[in-house]
Amino acid sequence: MKITSLETHDIRFPTSRERDGSDAMNPDPDYSAAYVVLRTEDGHEGHGFAFTIGRGNDVQTAAIRALEPYVVGRDCSDIGALSRGMVGDSQLRWLGPEKGVMHMAISAVVNALWDLKAKREGKPVWLLLSEMSPEEIVGLVDFRYITDALTPDEALEILRKAQPGRQERIAHLRANGYPAYATSPGWLGYDDDKLRRLCKEALDDGFTQIKLKVGADLDDDIRRMRVAREVCGVGFPIAVDANQRWDVDTAVQWVEALAEFDPWWVEEPTSPDDVLGHAAIARRIAPIPVATGEHVQNRMVFKQLLQAGAVSYLQLDAARVGGVNENLAILLLAAKFGVPVCPHAGGVGLCELVQHLAMFDYVAVSGSTEGRVIEYVDHLHEHFVDPVVIQGGRYVAPAAPGFGSTMHPESIAEFSYPDGPVWRGANG
Ligand SMILES: [Mg+2]
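Using full-length UniProt numbering, read the sequence shown as starting at 1 and increasing by one per residue.
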């Protein structure tokens with residue numbers, strides 16, 4: 001069970017060439033993964049990664065390497081203890097604490113440990129978690145700094161309440177999957193014809209919600225919302241996502257100007273650190289709901305967003321906070337406050353990861369898919385050994401052991417930065 005090596009790769013996809021992933025704050029992302037492979041003495045591997053959008057992926061990769069002493073030569077069976085060890089390192093903690101590059105590095109390693117554990121047990125991560133007892137799950141959570149909102153006893157109560165019906169919900173997931181929504185139609189860099197065509201395709205593919213990027217130019221947003229509303233019809237959920245573009249007052253004015261198109265939610269209206277700003281926006285644009293979370297850096301900020309009534313949809317990210325363990329805390333916090341979790345996905349491999357957390361939430365925490373959808377973006381799945389499968393606008397429950405985080409060795413070689421074949425020409 002001992003981990004014998006930690007290997008990293010700086011992997012970058014030149015997505016900016018097609019403006020895939022473009023939004024009001026990120027006009028030219030090169031979707032990237034700071035990728036880690038853990039190997040054990042008995043021949044198993046765990047794969048994990050932090051998602052970045054290009055420059056800085058080398059910094060992120062170096063941060064993962066800094067965690068080597070916490071895993072190599074260590075027994076990997078107690079992930080809770082390994083996770084607490086990394087989070088608690090007093091020197092590394094100075095770089096955060098519990099935020100940013102170092103915390104994302106911990107996420108990559110923790111998620112790789114979960115991939116390893118699930119592969120060893122022959123189960124997908126969602127099922128592995130869903131079959132744990134409430135006591136085991138609570139034992140994985142670090143309650144430090146959140147007990148004013150959620151105590152271990154309250155977490156136990158939430159999990160015990162969801163225990164009856166777990167098997168039925170597992171069967172339901174296997175038969176029906178989990179609802180998804182489509183972001184691919186709405187990238188800001190796409191022209192109206194492409195927007196129209198992709199909206200139509202999303203409807204034809206069975207998606208029950210789409211999302212449009214907004215926030216760069218109000219006239220453009222009004223025009224694009226009109227196009228999307230025309231194609232999708234009255235009442236069809238169309239969320240908008242500003243990717244942190246606005247100050248509080250701008251957010252309110254902009255959303256008021258888009259209100260006639262009935263946005264389903266307004267995502268990341270302002271800085272992800274601005275809890276009170278989100279709360280003010282939520283109050284002033286009500287009943288239009290506010291969603292956020294993909295850039296929220298830890299469970300404490302999520303706690304405050306919930307306490308302040310600032311979010312109606314909580315969009316956790318699989319690889320930004322401290323991995324599975326911290327996301328368990330966030331799922332339990334959301335359940336305590338009765339706020340649905342609609343995870344952030346897209347990027348590189350985020351869909352592959354986050355489906356496991358949403359499915360676990362349905363089976364063992366919230367017990368519901370009502371008002372809940374997982375983001376889906378149709379990019380880069382072909383690089384993964386067990387890519388997500390979408391059928392009729394729903395994520396099919398993964399059956400393969402692990403976290404879905406393993407990339408094909410050929411993809412790692414081809415897109416390695418700066419020496420992979422894809423980049424050699426570009427930099428020459
Ligand atoms: Mg977003």
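Don't be surprised by glycine CBs; every beta carbon is placed ideally from N, CA and C.
Does the distance from the C-beta atom of residue i to that of residue j stay below 7 Å?
i	j	result
Val101	Trp114	no
Leu140	Leu328	yes
Gln163	Tyr181	no
residue 431	Ser184	Since the displayed the chain opens at 1 and closes at 428, residue 431 lies outside it and no answer follows.
Lys2	Asp78	no
Val248	Ile281	yes
Asn57	Asp23	no
Arg394	Gly177	yes
Val388	Cys351	yes
Leu203	Gly186	no
Pro134	Leu116	no
Asp221	Val227	no
Ala291	Trp265	yes
Arg283	Val252	no
Ala345	Glu375	yes
Arg229	Phe261	yes
Val51	Val301	First, the residue type needs correcting, since residue 51 is Phe and not Val in the sequence shown. No, the pair does not count as a contact, with Cβ atoms beyond the cut-off.
His379	Asp20	yes
Val377	Leu331	no
Ala112	Ala63	no
Ile137	Leu173	no
Pro343	Leu305	no
Gln167	Met25	no
Leu218	Ala257	yes
Asp270	Trp254	Residue 270 is actually Thr in this sequence, not Asp. No. Outside cutoff.
Between which two residues does the alpha helix (DSSP H) containing residue i stretch?
i	result
Asp249	248 to 258
Glu326	324 to 337
Ser90	90 to 93
His47	Element bounds for His47: not the alpha helix (DSSP H) but the beta strand (DSSP E), 45 to 52.
Tyr70	68 to 71
Asp192	192 to 204
Glu136	134 to 140
Leu305	299 to 307
Arg224	218 to 232
Leu156	152 to 161
Asn57	57 to 65
Leu276	275 to 285
Skipping 5 residues on each side, what residues in its chain have a beta carbon closer than 6 Å to that of residue i?
i	result
Ile146	Arg299, Lys303
Ala334	Leu314, Val341
Trp423	Tyr417
Ser83	Val110, Asn325
Tyr35	His9, Ile11, Phe49
Arg39	Thr4, Ser5, Glu45
Ser411	His383
Glu7	Val37
Leu95	Met102
Return the chain-ordered list of same chain residues with a C-beta closer than 7 Å to the C-beta of residue i, the five sequence neighbours on each side being excluded.
i	result
Gly54	Arg12, Pro29, Asp30, Ser32
Ala118	Pro124, Val125, Leu128, Pro401, Gly402, Phe403
Ser16	Asp28, Pro29, Asp30
Lys99	Gln297, Asn298
Asp205	Gly393
Gln307	Ala149
Ala259	Ile288
Val71	Ile3, Leu6, Leu38, Leu82, Val109
Since residue i is in the beta strand (DSSP E), which residue starts that stretch and which ends it?
i	result
Glu267	263 to 267
Thr8	3 to 12
Thr292	290 to 292
Taking the DSSP output, what are the residues bridged to residue i?
i	result
Gly402	Pro124
Val37	Glu7, His47
Pro179	Arg394
Ile374	Ala180
Ile210	Ala182, Ile238
Tyr313	Ala291
Ser416	Ile11
Phe384	Met407
Val363	Note: Val363 sits in no beta bridge, so no partner.
Asp75	Lys2
Ser22	Paired residue(s): none; Ser22 is not in a bridge.
Ser32	Arg12, Thr52
Val341	Leu314
So, does the CB of residue i fall closer than 7 Å to a CB anywhere in chain C?
i	result
Glu294	The structure shown contains no chain C; it holds only a single protein chain.
In its own chain, which residues sit with a C-beta less than 8 Å from the C-beta of residue i, not counting the 5 before and 5 after it?
i	result
Trp408	For the record, residue 408 in the displayed sequence is His; it is not Trp. Cβ neighbours of His408 beyond the five flanking positions: His383, Phe384, Val385.
Gly428	For Gly428, the pLDDT reaches just 43, beneath the cut-off of 50, and the residue's location in the model is therefore unreliable, leaving the point undetermined.
CB of residue i to nearest heavy atom of ligand 3: below 6 Å?
i	result
Asp221	By its list of ligands, the structure shown excludes ligand 3, since it contains just ligand 1.
Should the region 126 to 137 be regarded as contacting the region 354 to 366, the criterion being three or more beta carbon pairs within less than 8 Å?
-> Short answer: they touch.
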